[in-house]
């Protein structure tokens, strides 16, 4: 057998110009960044402060950066698809089917697993421990492992541009199309191993955050005092713990079919592909809520902060969140009403799916009543939230229509369905993470993003979305199915051209966001937030400096009600005592940095790549290396480091001084208002 | 709301839209679709307007808006916020339950005429329509009599596809080794777009076909002329059909090997090759 398994020079797409450009871009970006880092001597800094960091804030930021990079890649896929469908009327277009099919598969895979997931998890990482009033997550080193395994998955998907090809079966590899008989190349293997490896990372994140939220909260932070974002993160992570093992097992079965001649899903020799459909959606439908629930949490934080009011109907919101969390287990079959299950089964799952609209509707109403009687500031974060509310109800409406089995018989797999899930994912999840991005950015970096450009970005995304996917709904009603590389129906053409314009408007939105970031970094001196509380926030993350010190809280806060920091500020303003007596500072013990996550991900990448190409000796080497990494980690002598009390006191005093100045300004404003 | 329906009506001008139904199933499905749409718009449109109005009225710069930072709970409002969506869903759930049974694809249509049976086989990347009573078969062209219930038995010789004629009604998955039953009917003669609605490999985008609904007399004529000429669909011809091909021009078979469809479904004949052939 060949020493490199199936890997030969044929794997590089020299004969396909479009694919070759993609490969070249990947190589140039990776090599270019590596060269820049080495030439400028950034490596020691990056290694010390970021790559080996187990600080939840740093890991959160790295998750968000990964998500933004993958967003750029997957958005290019979107542009290519829109361009293809704009020209492929009665014509082959510029992408042959075998390439077009890879692009829509990669687009969906990347957007769900490597854009939406890491962005949501990144925000969770950054904000949840701060909101809970604690110093880190329950298992800091494992947290780093989670991140780096996710990065491994993203890297493997992008490697498929250079060596071999990606899956052509859509973002979920339905058998028998994804079986070896019908997909003999390495595309599906890239998909499976990338998701298997990153899925382990995600599962660990779920366990980590469930533990963190249930077991480590500041004194006095009862469940009924937890910020809404913590509640929705808890719900999301409970779903991760329940769902991701199903995904891992399902893909493992598919891999056994492909690698070892099993017949789980082959439709021959006793296998059945309907089993895959059920299993994958038993994970897949929960995945939808894993993404949207934390976004709901971000909206709750943003609406409450910028309406200057506590969240309306907090307990109702908690109940609604947990209701969604539970009911979402009982709806998976609505993804395949057209399989012919019969009236009873279809109706039962249809109604269960509709029931989810009830708690979701309650949430929309409660956000509205939070604004009612408030003082609404239209910051860019708030615009994302309002844009979400008006768009998401339409996504919900079309979702309930798709949950009607009989309507679904005419809508399933049409662009109406595709428009629906872009409606809920873009205007729900993506708007949510963008709201969180502009809301928590000053907390993470100590300066505020440019608001004017931020608002431009919102409007471009909002308008671009509706110009792109409004026609999508119409195309679905005109009978256009998804994933068409070419078409002959004249009525579809104008709407597809309009959709292409829409995606260009969204592209402008992304470019404005890049500009916003560049401008804000350049002018950061003027945008400096010294108080740590640029939005007049309500929860504990705003009670620490921006960026927060490594240990977050010099002294763990005592929580007495639902909005501890708002309460603290109000009492200070009302009483005129702007400075509380200085606490007694003690040395703080924090976990040490660890290379475990990164090293283990390097071995995971090697293992994954070797498995894809059947390079068995390298598989063994990779697995041995990953195992050795954990043995070394388990034998570590020193696992913590101590921050001396003096250092804690120095950092905290600076923050306290800035904060009391800000409070006195607020008090002066308050007096002006009252006069 | 009328504007929305009018706009939807305008969309229906298309060859493949169920909003211009050409049969009882698609007509009922359009009704369900419009019912659900209107019922929900009654809630959704006011919600959108109220959200925008509330946000704008309570803007920080509006001195006339009363700031009530302590108004954070109202039992009465919670009751309403839970009741409105709950009642809507209760109502829609009823529609869903009843229609899911009435319009179950396996449910025969009420009609004085006997149903015509057509066996549908999805192949790489074309459609085979077998008429067991007429003992003929057709590739990439579905000819049916108008006004007569049609009983489709749907399967696949290869990977999954979905058999869909939007203007006649429901789609159904085609799966190897399995048979789905789908009842449809065309009200009047016409030409309706049919397609696969499930990605099935490289030739997927070319898997569309014309559905020609003829008068019963014309259908009888078509049957006779089809029986008169063309090749025979025996096992060898079927094995040739299994070879992947794209955009095959429609043609027909004048006769069938007995029990061919059963042989396909019971996997006595091998499955299709899919993309694998191209890669070899």
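Chains as they are written, first to last, in the working numbering: chain A, 1 to 675; chain B, 1 to 280. Heads up, the beta-carbon is just placed ideally off N, CA and C, and yes, glycines get one too.
Closer than 7 angstroms, Cβ to any Cβ of chain D: which residues of the segment 452-486 of chain A, in chain order?
Any reference to chain D falls outside this structure, whose protein chains are A and B.
Taking C-beta to C-beta, are residue 72/B and residue 309/A nearer than 8 angstroms?
For the purposes of this step, residue 72/B is identified with residue 72 of the second chain, where counting begins at 1. For the purposes of this step, residue 309/A is identified with residue 309 of the first chain, where counting begins at 1. Yes, the pair counts as a contact, with Cβ atoms nearer than the cut-off.
For my contact list, residue 85/A and residue 504/A are in at a C-beta cut-off of 8 angstroms; report their separation, rounded to the angstrom.
Counted from its first residue, the first chain places residue 85/A at position 85. Counted from its first residue, the first chain places residue 504/A at position 504. That pair is no contact at about 14 angstroms.
If you draw a straight line from the alpha carbon of residue 66/A to that of residue 118/A, how long is it in whole angstroms?
Counting from 1 along the first chain, the entry for residue 66/A is found at position 66. Counting from 1 along the first chain, the entry for residue 118/A is found at position 118. Residue 66/A and residue 118/A: Cα-Cα distance of roughly 7 angstroms.
Measure the Cβ-Cβ separation of residue 380/A and residue 443/A and say whether it is below 8 angstroms.
For the purposes of this step, residue 380/A is taken as the residue at position 380 of the first chain. For the purposes of this step, residue 443/A is taken as the residue at position 443 of the first chain. Not a contact, by the Cβ cut-off of 8 angstroms.
In three-state DSSP terms, what is residue 226/A?
Start at 1 with the first residue of the first chain, and residue 226/A comes out as number 226. Correct three-state label for residue 226/A: coil.
Find the nearest neighbour of residue 187/A within the set 258/A, 626/A, 621/A, judged by alpha-carbon distance.
Within the first chain, residue 187/A is the residue found at index 187, counting from 1. Considering only alpha carbons, the answer is 258/A.
Under a Cβ-count criterion, where at least 16 other Cβ atoms within 10 Å of its own Cβ denotes burial, should residue 108/B be classed as buried or exposed?
Stepping through the second chain from its first residue, residue 108/B is reached at position 108. With fewer than 16 other Cβ atoms within 10 Å, it is exposed.
Along chain A, in chain order, which residues have C-beta atoms closer than 9 angstroms to that of residue 23/B?
As a first step, residue 23/B is located in the second chain; it is residue number 23 there, counting from the start. The contacting residues do not exist; residue 23/B stays about 12 angstroms from chain A at best.
For residue 32/B, which residues from the same chain have a beta carbon less than 6 angstroms from its beta carbon, with the 5 sequence-adjacent residues on both sides left out?
Counting from 1 along the second chain, the entry for residue 32/B is found at position 32. Here the set comprises 99.
Helix or strand or just coil, what does DSSP make of residue 171/B?
Counted from its first residue, the second chain places residue 171/B at position 171. Correct three-state label for residue 171/B: strand.
Within 8 angstroms of any Cβ in chain A, is that where the Cβ of residue 101/B sits?
Counted from its first residue, the second chain places residue 101/B at position 101. Output row for residue 101/B: interface = yes.
Kindly indicate which three-state DSSP category residue 160/B falls into: helix, strand or coil?
As a position in the second chain, residue 160/B is number 160, starting the count at 1. Reduced to three states, the DSSP call for residue 160/B is coil.
Which residue's Cα is closest to the Cα of residue 114/B: 130/B, 151/B, 134/B, 214/B?
Here residue 114/B is taken as the residue at index 114 of the second chain, counted from 1. That would be 151/B, whose Cα lies nearest to the Cα of residue 114/B.
I'd like to know if residue 368/A contacts chain B, where contact means its C-beta is closer than 8 angstroms to some C-beta of that chain.
As a working mapping, residue 368/A is identified with position 368 in the first chain. Judged by the 8 angstroms Cβ criterion, residue 368/A is in contact with chain B.
Count the CB pairs spanning the segment 259-271 of chain B and the segment 220-240 of chain B that are closer than 8 angstroms, and state whether there are at least three.
The segment 259-271 of chain B is in contact with the segment 220-240 of chain B.
List the residues that DSSP assigns as beta-bridge partners of residue 119/B.
As a first step, residue 119/B is located in the second chain; it is residue number 119 there, counting from the start. According to DSSP, residue 119/B bridges with 130/B, 153/B.
Which residue from 554/A, 408/A, 190/A puts its Cα closest to that of residue 134/A?
Here residue 134/A refers to the residue found at position 134 when the first chain is read from its first residue. Residue 134/A has its Cα closest to that of 554/A, out of 554/A, 408/A, 190/A.
Identify whether residue 204/B lies in helix, strand or coil by the three-state DSSP scheme.
Residue numbering aside, residue 204/B sits at position 204 when the second chain is read from its first letter. The answer is helix: DSSP assigns residue 204/B an H, G or I state.
By how many angstroms is the C-alpha of residue 23/B removed from the C-alpha of residue 34/B?
The count along the second chain starts at 1 and reaches residue 34/B at position 34. The count along the second chain starts at 1 and reaches residue 23/B at position 23. For residue 34/B and residue 23/B, the distance between alpha carbons rounds to 17 angstroms.
Between the segment 36-53 of chain B and chain A, which residues of the former have a C-beta closer than 7 angstroms to a C-beta of the latter?
Here the close residues are 36, 37, 40, 44, 47, 48, 50, 51, 52.
By the 10 Å Cβ neighbour count, where 16 or more other Cβ atoms means buried, how is residue 210/A classified, buried or exposed?
Numbered from 1 along the first chain, position 210 holds the residue referred to as residue 210/A. It is buried - the Cβ of residue 210/A has at least 16 other Cβ atoms within 10 Å.
Whose C-alpha, out of 88/B, 233/B, 53/B, 67/B, is nearest the C-alpha of residue 39/B?
Against the second chain, residue 39/B aligns to sequence position 39. Taking only the C-alpha atoms, the option nearest residue 39/B is 88/B.
Hey, could you find the ends of the alpha helix (DSSP H) residue 181/B is sitting in?
As a first step, residue 181/B is located in the second chain; it is residue number 181 there, counting from the start. Where residue 181/B is concerned, there is no enclosing alpha helix (DSSP H), although the beta strand (DSSP E) it sits in stretches over 180-184.
So the candidates are 93/A, 44/A, 88/A, 136/A; which of them puts its Cα closest to the Cα of residue 640/A?
As a first step, residue 640/A is located in the first chain; it is residue number 640 there, counting from the start. Looking at the Cα atoms, 136/A is the closest of the given residues.
In chain order, which continuous runs of the beta strand (DSSP E) of length 3 or greater are located wholly inside the segment 246-278 of chain B?
Listed in chain order, they are 251-253.
Looking only at its own chain, which residues have a Cβ that is under 8 angstroms from the Cβ of residue 241/A, when we skip the five neighbours before and after it?
Against the first chain, residue 241/A aligns to sequence position 241. If we look at residue 241/A and ignore the five residues flanking it on each side, its Cβ neighbours are 203, 206, 207, 210.
What separation, rounded to the nearest whole angstrom, lies between the Cα atoms of residue 279/B and residue 184/A?
Stepping through the second chain from its first residue, residue 279/B is reached at position 279. Stepping through the first chain from its first residue, residue 184/A is reached at position 184. Residue placement at residue 279/B is flagged as unreliable, the pLDDT there being 39, under the threshold of 50; a coordinate-derived value is accordingly withheld.
How is residue 254/A classed by DSSP in three states: helix, strand or coil?
Taking the first residue of the first chain as 1, we reach residue 254/A at position 254. Reduced to three states, the DSSP call for residue 254/A is helix.
Whose Cβ in chain B lies nearer than 8 angstroms to the Cβ of residue 400/A?
For this step, residue 400/A is matched to residue 400 along the first chain. Per Cβ cutoff of 8 angstroms: 36, 40, 89, 92.
Beta carbons nearer than 8 angstroms to chain A: which residues of the segment 259-271 of chain B have them?
Result list: 267, 271.
What residues match up with residue 89/A in a beta bridge as DSSP calls it?
Taking the first chain and counting its residues from 1, one reaches residue 89/A at position 89. Residue 89/A pairs with 487/A.
Which of the residues in the segment 340-358 of chain A, read from start to end, lie with their CB under 7 angstroms from any CB of chain B?
Cβ contacts with chain B: 340, 342, 343, 346, 347, 350, 351, 354, 355, 357, 358.
Beta-carbon within less than 8 angstroms of residue 666/A's beta-carbon, same chain only, minus the 5 sequence neighbours each way: which residues are those?
Along the first chain, one-based indexing puts residue 666/A at 666. Taken in chain order, the residues that qualify are 536, 569, 573.
Excluding sequence positions up to five away, which residues of its chain have a Cβ less than 6 angstroms from the Cβ of residue 211/B?
Within the second chain, the letter at position 211 stands for residue 211/B. 142, 165, 192, 194, listed in sequence order.
Consult DSSP for residue 50/B and reduce its assignment to one of helix, strand or coil.
As a first step, residue 50/B must be located in the second chain, where it is residue number 50. In the structure shown, residue 50/B sits in a helix (DSSP, three-state: H, G or I).
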